[in-house]
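Enquirer: In order, the protein sequence lines correspond to chains A and B.
Just so you know, we're using UniProt numbering here: the first sequence kicks off at 1 and counts up by one.
Just so you know, we're using UniProt numbering here: the second sequence kicks off at 1 and counts up by one.
Yeah, the Cβ is synthetic: ideal placement off N, Cα and C, and Gly gets one too.
Remember, it's a predicted structure, so these values are computed and weren't measured experimentally.
Could you have a look at this structure, given as structure tokens, before my questions?
2 protein chains.
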Amino acid sequence: MSIDPRSHTPVYVQLADLLREKIESGDLPPGAPIGSESRLSQEYGIGRDAVRMSIAVLKSEGLVTSSRGQPTHVRSSPDQRPVEVSPGSTIVARMPKSSERRKMDMDEGIPILEVRSPDGTVQTFPADEVVLHCP
Amino acid sequence: MSIDPRSHTPVYVQLADLLREKIESGDLPPGAPIGSESRLSQEYGIGRDAVRMSIAVLKSEGLVTSSRGQPTHVRSSPDQRPVEVSPGSTIVARMPKSSERRKMDMDEGIPILEVRSPDGTVQTFPADEVVLHCP
DNA sequence: GATAATTTGTACGTATGTATA
DNA sequence: TTATACATACGTACAAATTAT
Chain A
1 MSIDPRSHTP VYVQLADLLR EKIESGDLPP GAPIGSESRL SQEYGIGRDA VRMSIAVLKS
61 EGLVTSSRGQ PTHVRSSPDQ RPVEVSPGST IVARMPKSSE RRKMDMDEGI PILEVRSPDG
121 TVQTFPADEV VLHCP
Chain B
1 MSIDPRSHTP VYVQLADLLR EKIESGDLPP GAPIGSESRL SQEYGIGRDA VRMSIAVLKS
61 EGLVTSSRGQ PTHVRSSPDQ RPVEVSPGST IVARMPKSSE RRKMDMDEGI PILEVRSPDG
121 TVQTFPADEV VLHCP
């Protein structure tokens, strides 16, 4: 599996597809480092910018996480706990604002689930932590 | 309101915050162009790269959309239609994969809502189009 | 219809800052 | 301290899509 710079598909999309395949196949299991930017850059013969764009795609899909000084690694999703929803509640999902995401210590690419109960109370959950159960 | 390149807060975060404020205050209403990259670059005295990173933040939050040849504009969310959920259903939210997003013609920064009915059927909705109603 | 101008997308480069090991 | 790795920020160039002329 390699990357074709002459393809109509951008190289960063090709690399993202390639890495996503490795993640979903288990070749890169949760917690595994996907390889440093410079290493991927050399290995596939593309610029570091293209590598970073690939990783940005995977981060936006919640598949990997990265932070300064640490290797980028495959995200290990937490166990999803069941949450019982009150009868008559309404549910929406949205992406958190950056400030909200930092405050709730959420990774990129994770939506927020909002549950509005009939009594007016609103509960918000990081979407990867819960499974809502309707009555 | 201006941008301080000496601040500890990255300039692209500062610009994202600035534009988000204008969007949420109604100064930049839905459908309004936020200004071209070159214009924002000149106006705030920062590089085009920083401008693009700012816009990437706002796109990931579902606040703006952009495509080749067209000015980036404030996203106008569609009306959220009510969806009745079957009793005993479970609900999760996640981000779509790139291929999924293209196939469903979804903008960036929009989660997917998955409703699993007790009979095993699974319904998926772009999260900005629906409000789920529990029985 | 054809051209030109505008705008975003892709891809490369360099340099420096900051956090971690 | 040193080395590694990611984050930020600047630059350039060209491609591709849209809009205006």
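Check each candidate in B/Thr121, B/Pro135, B/Asp107, B/Gly120 and name the one with the smallest Cα separation from leucine 83 of chain B.
Expert: Locating residue 83 of chain B in the second sequence gives position 83, where the first residue counts as 1. Reading the sequence as shown, one finds valine at residue 83 of chain B and not leucine. Checked all of B/Thr121, B/Pro135, B/Asp107, B/Gly120; the closest Cα to valine 83 of chain B is B/Pro135.
Enquirer: Using a Cβ-Cβ cutoff of 9 Å, what residues of the segment 81-95 of chain A are near chain B? List them in chain order.
Expert: Here the close residues are Pro82, Val85, Ser86, Pro87, Gly88, Ser89, Thr90, Ile91, Val92, Ala93, Arg94, Met95.
Enquirer: Give the secondary structure of valine 85 of chain B by DSSP, where H, G and I count as helix, E and B as strand, and everything else as coil.
Expert: Counting from one through the second sequence, the residue named residue 85 of chain B turns up at place 85. Note: valine 85 of chain B maps to coil in three-state DSSP.
Enquirer: In the DSSP output, what is arginine 94 of chain B paired with across the bridge?
Expert: Numbered from 1 along the second sequence, position 94 holds the residue referred to as residue 94 of chain B. Arginine 94 of chain B is bridged to B/Ile112.
Enquirer: Taking the alpha-carbon of serine 99 of chain A as reference, which of A/Gln123, A/Pro33, A/Tyr12, A/Glu108 has the nearest alpha-carbon?
Expert: Taking the first sequence and counting its residues from 1, one reaches residue 99 of chain A at position 99. Ranking A/Gln123, A/Pro33, A/Tyr12, A/Glu108 by Cα distance to serine 99 of chain A puts A/Glu108 first.
Enquirer: I'd like to confirm the pairing. Which residues does DSSP put opposite histidine 73 of chain A in its beta bridges?
Expert: For this step, residue 73 of chain A is matched to residue 73 along the first sequence. DSSP, once it has assigned bridges, lists A/Pro33, A/Thr65 as partnering histidine 73 of chain A.
Enquirer: The segment 55-68 of chain A: which residues have C-beta closer than 8 Å to a C-beta of chain B, in chain order?
Expert: Answer set for the segment 55-68 of chain A: Ala56, Val57, Ser60, Glu61, Gly62.
Enquirer: Which of helix, strand or coil does DSSP assign to glutamine 123 of chain A?
Expert: Position 123 of the first sequence, counting from 1, holds the residue named residue 123 of chain A. In the structure shown, glutamine 123 of chain A sits in a strand (DSSP, three-state: E or B).
Enquirer: Relative to chain B, which residues along the segment 102-132 of chain A have a C-beta separation below 7 Å, given in chain order?
Expert: Taking 7 Å as the Cβ-Cβ cut-off against chain B, the residues of the segment 102-132 of chain A that qualify are Gly109, Pro111, Leu113, Ala127, Val131, Leu132.
Enquirer: At 9 Å on the CB atoms, spell out the chain B contacts of alanine 16 of chain A, in chain order.
Expert: Translated into positions along the first sequence, residue 16 of chain A becomes position 16. Ser98, listed in chain order.
Enquirer: How big is the Cα-Cα spacing for alanine 127 of chain A and proline 111 of chain A?
Expert: Walking along the first sequence from the start, residue 127 of chain A turns up at place 127. Walking along the first sequence from the start, residue 111 of chain A turns up at place 111. If you take the alpha carbons of alanine 127 of chain A and proline 111 of chain A, they lie about 5 Å apart.
Enquirer: Can you check which of these residues, B/Glu129, B/Met104, B/Gly88, is closest to threonine 121 of chain B by C-alpha distance?
Expert: Residue numbering aside, residue 121 of chain B sits at position 121 when the second sequence is read from its first letter. The shortest Cα separation from threonine 121 of chain B among B/Glu129, B/Met104, B/Gly88 belongs to B/Gly88.
Enquirer: List the residues of chain B that residue 153 of chain A touches, going by C-beta distances under 9 Å, in chain order.
Expert: Since the first residue shown for chain A is 1 and the last is 135, residue 153 of chain A is missing from the structure and cannot be characterised.
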